[in-house]
Amino acid sequence: MAARLQEGSNVFVSRLLPRDNWFVSGHRACQGCGEALAVRMIHQVLGRNTMVASATGCMEIISSSYPDTAWSIPWIHVAFENAAAVASGVETGLRMLMQKGKIPSRRITVVGMAGDGGTADIGLQALSGALERGHDMIYVCYDNEAYMNTGIQRSSSTPYGASTTTSPAGRQSIGQQTWKKNLPMIAAAHGVPYVATVNPSYPMDLVRKVERARSIRGPKYLHVYACCPTGWRLAPELAVAIGRLAVQTGVFPMYEIVDGVLRMTVQPEKLRPLKDYLKPQGRFRHLDDDTIARMEQRLHQEYQKLLRREGLQL
Amino acid sequence: MEKRIGLETSIAVAEAVGLCDADVVAAYPITPQTHIVEHLSELVADGKLEAAFVPVESEHSAMSVCCGTAATGARTFTATSSQGLALMHEIVFIASAMRLPIVMTVANRALSAPISIWNDHSDIMAERDVGWVQIFAENAQEALDLTIWAFRLAEDRRVSLPVMVNFDGFILTHTIEPVLMPDREMVQAFLPPFQPLQRLDVDNPITMGPVGIPDIYPETRYAHQQVLAAAYGPITETLEEFARHFGRSYYPVETYRADDAEILLVTMGALGQTAMEVVDARRRRGEKVGLVRLRLWRPFPFAALARVLDGARVVGVIDRAVSVGGPVGPVASEIKAAGYGASRQPPIMNFIVGLGGRDVPTDDFELMFDRLGQVAAGGRVGEPVFVGLRE
Chain F
25 MAARLQEGSN VFVSRLLPRD NWFVSGHRAC QGCGEALAVR MIHQVLGRNT
75 MVASATGCME IISSSYPDTA WSIPWIHVAF ENAAAVASGV ETGLRMLMQK
125 GKIPSRRITV VGMAGDGGTA DIGLQALSGA LERGHDMIYV CYDNEAYMNT
175 GIQRSSSTPY GASTTTSPAG RQSIGQQTWK KNLPMIAAAH GVPYVATVNP
225 SYPMDLVRKV ERARSIRGPK YLHVYACCPT GWRLAPELAV AIGRLAVQTG
275 VFPMYEIVDG VLRMTVQPEK LRPLKDYLKP QGRFRHLDDD TIARMEQRLH
325 QEYQKLLRRE GLQL
Chain L
24 MEKRIGLETS IAVAEAVGLC DADVVAAYPI TPQTHIVEHL SELVADGKLE
74 AAFVPVESEH SAMSVCCGTA ATGARTFTAT SSQGLALMHE IVFIASAMRL
124 PIVMTVANRA LSAPISIWND HSDIMAERDV GWVQIFAENA QEALDLTIWA
174 FRLAEDRRVS LPVMVNFDGF ILTHTIEPVL MPDREMVQAF LPPFQPLQRL
224 DVDNPITMGP VGIPDIYPET RYAHQQVLAA AYGPITETLE EFARHFGRSY
274 YPVETYRADD AEILLVTMGA LGQTAMEVVD ARRRRGEKVG LVRLRLWRPF
324 PFAALARVLD GARVVGVIDR AVSVGGPVGP VASEIKAAGY GASRQPPIMN
374 FIVGLGGRDV PTDDFELMFD RLGQVAAGGR VGEPVFVGLR E
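Going down the list, the sequences are from chains F and L.
Throughout the first sequence, residue numbering follows this note's numbering, covering 25 to 338 in sequence.
Throughout the second sequence, residue numbering follows this note's numbering, covering 24 to 414 in sequence.
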């Protein structure tokens, strides 16, 4: 259904998603939380036969404060760095119980989810292990580009130049001084059948990718653009617009890697100036034109590199 | 039917897990635990055990996978030692607080530094407060039996807690002993299918591992303390039931020639076997010495131990770990606490032995009994004695 619709077509998106919500309202996310938006949409697509293993972080805090829960599907949280391992366990447990006839056989989608800190930093080992072992699960990284739950500390997924509470901009520093770790490519290097970047500002693309991920057996990795108005010093009402700008400027390229072959899924004809993306965000306010030019140069190099790889076996 | 065979303790334990029809084994290699999981992976590879063997990338993930599998209602086993146990520590805490009935063998080994692959109890003593049932085996038969029993207890709905079965690395793991190996029918008669209190189920969705705000957190910790303390009843009941099924009896606290003993020595783990020989020799010389083997470490068997120690003129407690900066070793500390405030408390002398695989020959026990004899005759207890220490 959704896959046939073109991105940008003038259709009210929420009507295209299944009506049932599995991550329901009443949770404690900030206004304009891109992660909450993406979580809701992804689970609308995945539906009721889904189980989630969540890492410690914003999503666990906002959705599971006992005795309340925003989850109307089975959900488990164990610790910070092990969402991929717990999801491996859930998948393995279900598989063995079905194989031994102890529970009815049916297709259940197992999802492991964590933020960028829980994926790129402290959880990278568990993720690598789970991808390498080939568990039938979807791992979703909600990338809001810093440790937002603990108060906006930098992660290895924080973009160059961003000011965070542990990479503050100052007289001697432009803020984050390292380039963002490329997690989707790290995941793809494991040779998993499906890797995709996902952005809730592009719901048609999101629906199609999540449906595709669900249809494939084996480990799938989704890297989700999750804007954080609180941590990015961004007006909450710009949450969806900033996701569009991220794609239009080339900051967050939209692609999927199916059995090792890369394909761009949303591709602007011409990239907009990086400044358009940086300007609404307080975390980049301190950057001067020279720095931005340098960032833009590298951004375009990386983007071209990606385009050159399109259609090739990675 | 039971078959009498010679088996390495590790293989006996792996066979026991197989007889229990575990659904999942998730483990990471670490000496001296490796033979257990190697043999389990063989049982799976040969189709003798219908289970998933998850070869995880660390012990931290081993326990994390176990949490996930146990949450679905799968019978789950893992094994580790030393650094591996220390690495999984974070998740060990969570597994019990989430009431996930995992069974884990700990092949006890020293902790670094300096790195040592050999046996002592440093690893398990660092896990004292993790909220698991913790029990010790002294020989291959006990290790095998207590592994089978551990599943039964863990999955008992009154308990629903994970269980650690400890036995001494190398001293037991790599030792071949004769064991009576039960058959699958006997184990099935003792161990019913796992029916979890709650499980991840798409038809009855639950949220597991939520946030506990200050309004609720103390109550959850209190509940955990209550359920582990109350597990003592089911522990003794299921051990009695084990005895009815298999004819071998185990108790939280066991004694050897202790009834009329004036001098008692408390051990935990494989040392008990050597100690019994020395007790026999001293008894032949007319000395009223006896042995107390502490089998259950958590929940700590306060009442049973108090009954056993009552009447002794002096008690020696062996520790296989050091509580650095503490007053005495962890076992002695617990036993002193158990007796504190009692009307009659015998003096308690602490011996620290066998660290990092240092052999504990009968001579060391002779020395310990000699020292205890001096205290019984009015001598001073003094500081913990590091037996056999080279100075």
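Where a beta carbon is used, it is the ideal one built from N, C-alpha and C, also for glycine.
The model shown is predicted, which means the values in this text are computed figures rather than measured ones.
Against chain F, does residue i count as a neighbour if the rule is that its beta carbon must be under 8 Å from one of theirs?
i, result
"Leu223(L)", "yes"
"Pro233(L)", "yes"
"Pro228(L)", "yes"
"Asp382(L)", "no"
"Gly96(L)", "yes"
"Gly107(L)", "no"
"Glu82(L)", "no"
"Cys43(L)", "no"
"Ser87(L)", "yes"
"Ile114(L)", "yes"
Would residue i pass as an interface residue toward chain L - the criterion being a Cβ-Cβ separation below 8 Å?
i, result
"Ile132(F)", "yes"
"Gly90(F)", "In the sequence under discussion, the amino acid at residue 90(F) is Tyr, which differs from the Gly named in the question. Answer yes: the Cβ-Cβ gap between Tyr90(F) and chain L drops below 8 Å somewhere."
"Trp95(F)", "yes"
"Asn73(F)", "yes"
"Arg28(F)", "Caution is warranted here: a pLDDT of 47 is assigned to Arg28(F), below 50, making its placement in the model unreliable, and the coordinate value is therefore given only provisionally. Closer than 8 Å: no."
"Lys244(F)", "no"
"Pro42(F)", "no"
"Ser112(F)", "yes"
"Thr174(F)", "no"
"Thr116(F)", "yes"
"Gly81(F)", "no"
"Asn45(F)", "no"
"Met120(F)", "yes"
"Val234(F)", "no"
"Gly153(F)", "yes"
"Arg157(F)", "yes"
"Pro98(F)", "yes"
"Ile66(F)", "no"
"Met25(F)", "Any reading at Met25(F) is ruled out, since the residue's pLDDT is 39, under 50, leaving its predicted position unreliable."
"His101(F)", "yes"
"Gln149(F)", "yes"
Count the other C-beta atoms from every protein chain shown that fall within 10 angstroms of the C-beta of residue i, then say buried if there are 16 or more, exposed otherwise.
i, result
"Arg143(L)", "This sequence places Asp at residue 143(L); Arg is not what is there. Classification of Asp143(L): buried, given that the 10 Å Cβ count is 16 or more."
"Tyr245(L)", "exposed"
"Asp46(L)", "buried"
"Val282(F)", "exposed"
"Gln55(F)", "exposed"
"Gly339(L)", "buried"
"Gln321(F)", "exposed"
"Arg122(L)", "buried"
"Pro353(L)", "buried"
"Met24(L)", "exposed"
"Gln328(F)", "exposed"
"Gly137(L)", "Reading off the sequence shown, one finds Pro at residue 137(L), where the question assumed Gly. Exposed, because fewer than 16 other Cβ atoms sit within 10 Å of the Cβ of Pro137(L)."
"Asp140(F)", "buried"
"Tyr363(L)", "exposed"
At what residues does the alpha helix (DSSP H) containing residue i begin and finish?
i, result
"Thr261(L)", "255-269"
"Ser145(L)", "145-148"
"Gly267(F)", "263-272"
"Val88(L)", "82-95"
"Ala360(L)", "353-362"
"Arg322(F)", "313-332"
"Arg119(F)", "107-123"
Per DSSP, which residues does residue i bridge with? Please list them.
i, result
"Gln157(L)", "Met187(L), Arg321(L)"
"Ala193(F)", "Ile198(F)"
"Asn131(L)", "Asp191(L)"
"Val248(F)", "Tyr166(F), Val222(F)"
"Gly139(F)", "Tyr166(F)"
"Tyr274(L)", "Paired residue(s): none; Tyr274(L) is not in a bridge."
"Pro243(F)", "Met161(F)"
"Ser89(F)", "Val234(L)"
Which residues bound the beta strand (DSSP E) around residue i?
i, result
"Met278(F)", "278-282"
"Glu31(L)", "26-31"
"Gly295(L)", "No beta strand (DSSP E) holds Gly295(L); the alpha helix (DSSP H) holding it covers 294-307."
"Ala49(L)", "47-50"
"Trp99(F)", "99-101"
"Pro78(L)", "75-78"
Jot down the residue ranges of each uninterrupted beta strand (DSSP E) in the segment 157-233 of chain L, minimum 3 residues, whole runs only, in chain order. 186-191, 199-204
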